[in-house]
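**Student:** If you scroll down you'll find the structure; I have some questions about it.
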């Protein structure tokens, strides 16, 4: 029973440690997600960081969910630990009579030993006297002693028989009680381990889904699409400005000319910006 | 290009952080496995701790294997970072002529603007004089000025045309070069992410296998088998000693009696030990 209480406390301690480790891991992952979101938001690769951020956050969440489940489980184990202590107290009272039986058989068996030794010595004494040809009076005295010793021994053998039956009966009952307690204990422990496994497995599945999602998102971002995104954010317009035609002009075409030149100037300046941007 | 270098450095930093987190997790799991192996080796539950120990060690090993793979990957990323820097240096030299074209078109377009404004003012001046009925001599003077301004403007329009063609050609070449560089960059980054995903997935599978093994081992340890193990380790023998028969004795049976009583004493003492053991 003592080991039963130790092992249930140890199990709850083990689960608590596992929860602590998972929590630390989850927190580090949240930090890592922040790192990803702090990464450069410029250049073709920038959009990828969102994917990293999301999947890392998902991973952190999965492990935090496991922490929550394990903490729930620890509460259950704690409840069991208390029940167990109560039951053991109760059982100790129930088996008190067994202890009596034990003490009884111990004392009876000692008395039996003594009476047996006395019986043996008296018998050997009587035989020795017979061999040495003692007087009838002395032989009768010895005979009387043997008779007494035999009766005492006989009575203790009977007392011992009763004590032994009592002892064996109590011992059997108690052993069965203890076996019952052990079976119940192992069953409860196995239930706890079962839900421990379940939580771990659920988390494992969620992590797998998160990972698949990550891969899918990465595959969905093609090189072309990234280049396209960059071009759109940095581009200076898609049309190439017309060449200003000077040769046949009038007041009207003159003002077109001014417009066109402005436009092409604008386009050039943007072009230059992109170029020097690339150089800087 | 600058952002390309930043992002590849950031990616290698991200992977390094992930590796650090995985390593910490793995070490904590190894500790937890030790805790499991330090748990009480007595009582029915004791054999379960081996299962916990093994599976926790397996988990630790899986994550350490991931660390190893990520460190390999970081080396690759580092190699790429260096290549990238070399390529960018080379490209900057190659596109130097584009900068010249840019500076050229900027100066030419400024001259074009000036000559155009001069041409417009001279034309308007001539028309104003005509309206105000200036002398023929003055009109000829103005006409000469307009002719000059027109020629200058015309020549700059031609210069600008050449400069513009040159500029557009260089810009196109350079843009294509940059696009090539960007495509190469994103491809390399995607390769890196691909092997990152692969390592993470492999680890995930291994962890899943470890978990399954754990569940299997737990299911294989039945309550009966655990009780059996305990009984065998703590038992005091399976036979119940005979009851000593006192009623018909002779010297011979007397010595049997002594033997039997010893045996039953031995059995009782063990019984008592077990019982008090259970109580302690």
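Chains as they are written, first to last, in the UniProt record's numbering: chain G, 1 to 280; chain W, 1 to 280. C-beta atoms are modelled at their ideal positions from N, C-alpha and C, and glycine is treated no differently.
#1: I'd like the ranges of any beta strand (DSSP E) spanning at least 3 consecutive residues and lying wholly in the stretch 106 to 157 of chain W.
#2: Please tell me whether residue 176 of chain W has its Cβ less than 9 Å away from any Cβ of chain G.
#3: Where in the stretch 35 to 91 of chain G do unbroken runs of the beta strand (DSSP E), each at least 3 residues long, occur, reported from the N-terminal end onward?
#4: Exposed or buried, residue 36 of chain G, counting other C-beta atoms within 10 Å across all chains shown (16 or more means buried)?
#5: Which of the three DSSP states, helix, strand or coil, is assigned to residue 162 of chain W?
#6: Among residues of its own chain, excluding the 5 on either side of residue 153 of chain G, which ones have a beta-carbon nearer than 7 Å to its beta-carbon?
#7: Check each residue of the stretch 12 to 31 of chain W: if its Cβ is closer than 9 Å to any Cβ of chain G, include it; give the result in chain order.
#8: Determine the burial state of residue 52 of chain G: buried for a count of at least 16 other Cβ atoms within 10 Å of its Cβ, exposed for fewer.
#9: Taking Cβ to Cβ, would you say residue 217 of chain G is nearer than 9 Å to residue 54 of chain G?
#10: To the nearest angstrom, report how far apart residue 158 of chain G and residue 16 of chain G are at their CA atoms.
#11: Please classify residue 205 of chain G as buried or exposed, where buried requires at least 16 other C-beta atoms within 10 Å of its C-beta.
#12: With burial defined as no fewer than 16 other Cβ atoms inside 10 Å of the residue's Cβ, what is the status of residue 194 of chain G: buried or exposed?
#13: For residue 203 of chain W and residue 76 of chain G, what's the separation of their Cα atoms in angstroms?
#14: Name the residue from W/189, W/10, W/211 and W/131 whose alpha carbon lies nearest to the alpha carbon of residue 197 of chain G.
#15: What would DSSP say about residue 30 of chain W, mapped onto helix, strand or coil?
#16: Does any C-beta atom of chain G lie closer than 9 Å to the C-beta of residue 193 of chain W?
#17: Beta carbons nearer than 8 Å to chain G: which residues of the stretch 186 to 213 of chain W have them?
#18: Measure from the alpha carbon of residue 142 of chain W to the alpha carbon of each residue in W/151, W/156 and W/125, then state which is nearest.
#19: Anything in the stretch 57 to 89 of chain W with a Cβ closer than 9 Å to a Cβ of chain G? List those residues in chain order, please.
#20: Could you check what DSSP says for residue 302 of chain G in three-state terms: helix, strand or coil?
#21: Taking the straight line between their C-alpha atoms, what separation do you get for residue 200 of chain G and residue 12 of chain W?
#22: Taking C-beta pairs closer than 8 Å, name the residues in chain W that residue 180 of chain G reaches, listed in chain order.
#23: Rank W/108, W/70, W/27 and W/127 by C-alpha distance to the C-alpha of residue 164 of chain W and give the top, closest one.
**Tutor:** Reading from the atomic positions:
#1: DSSP assignment within the stretch 106 to 157 of chain W yields no whole beta strand (DSSP E) run of 3 residues or more.
#2: The residue given as residue 176 of chain W occupies position 176 in the second chain. No Cβ of chain G is located within less than 9 Å of the beta carbon of residue 176 of chain W.
#3: Counting only runs of 3 or more, we get nothing.
#4: For the purposes of this step, residue 36 of chain G is taken as the residue at position 36 of the first chain. Counting Cβ neighbours within 10 Å, residue 36 of chain G comes out buried, since at least 16 surround it.
#5: Within the second chain, residue 162 of chain W is the residue found at index 162, counting from 1. DSSP places residue 162 of chain W within a helical segment (H, G or I) once states are collapsed to three.
#6: Looking up residue 153 of chain G in the first chain gives position 153. Within the same chain, Cβ atoms closer than 7 Å to the Cβ of residue 153 of chain G are found at 115, 116 and 119, the five residues on either side in sequence being excluded.
#7: For the stretch 12 to 31 of chain W, which is checked against every Cβ of chain G, the residues closer than 9 Å are 13, 14, 17, 18, 20, 21, 22, 24, 25, 28, 29 and 31.
#8: Start at 1 with the first residue of the first chain, and residue 52 of chain G comes out as number 52. The residue in question, residue 52 of chain G, is buried, as its Cβ has 16 or more Cβ neighbours within 10 Å.
#9: Indexing the first chain from 1 puts residue 217 of chain G at position 217. Indexing the first chain from 1 puts residue 54 of chain G at position 54. Going by C-beta atoms, residue 217 of chain G is nearer than 9 Å to residue 54 of chain G.
#10: By 1-based counting over the first chain, the position of residue 158 of chain G is 158. By 1-based counting over the first chain, the position of residue 16 of chain G is 16. The C-alpha of residue 16 of chain G is placed about 58 Å away from the C-alpha of residue 158 of chain G.
#11: By 1-based counting over the first chain, the position of residue 205 of chain G is 205. Around the C-beta of residue 205 of chain G, fewer than 16 other C-beta atoms lie within 10 Å, and the residue is accordingly described as exposed.
#12: On the first chain, residue 194 of chain G is found 194 positions in, with the first residue counted as 1. Flag for residue 194 of chain G reads exposed.
#13: Locating residue 203 of chain W in the second chain gives position 203, where the first residue counts as 1. Locating residue 76 of chain G in the first chain gives position 76, where the first residue counts as 1. C-alpha separation (whole angstroms): 31 Å.
#14: As a position in the first chain, residue 197 of chain G is number 197, starting the count at 1. Considering only alpha carbons, the answer is W/211.
#15: Sequence index remark: in the second chain, residue 30 of chain W carries index 30 (1-based). Residue 30 of chain W sits in a helix when the DSSP states are folded into three classes.
#16: For the purposes of this step, residue 193 of chain W is taken as residue 193 along the second chain, with counting starting at 1. Among the CB atoms of chain G, one or more fall inside 9 Å of the CB of residue 193 of chain W.
#17: Cβ contacts with chain G come from 186, 187, 189, 190, 193, 194, 197, 200, 201, 204, 207, 208 and 211.
#18: As a working mapping, residue 142 of chain W is identified with position 142 in the second chain. The closest CA to that of residue 142 of chain W, considering only W/151, W/156 and W/125, is found on W/125.
#19: Against chain G - using a Cβ distance shorter than 9 Å - the stretch 57 to 89 of chain W contributes no residues.
#20: The first residue shown for chain G is 1 and the last is 280, placing residue 302 of chain G beyond what the model contains.
#21: Translated into the one-based positions of the first chain, residue 200 of chain G becomes position 200. Translated into the one-based positions of the second chain, residue 12 of chain W becomes position 12. Distance between the alpha carbons of residue 200 of chain G and residue 12 of chain W: 30 Å.
#22: Taking the first chain and counting its residues from 1, the one referred to as residue 180 of chain G is at position 180. Contact note: residue 180 of chain G does not reach chain W at a C-beta cutoff of 8 Å; the least C-beta distance is about 10 Å.
#23: Start at 1 with the first residue of the second chain, and residue 164 of chain W comes out as number 164. The residue from W/108, W/70, W/27 and W/127 with its alpha-carbon nearest to that of residue 164 of chain W is W/108.
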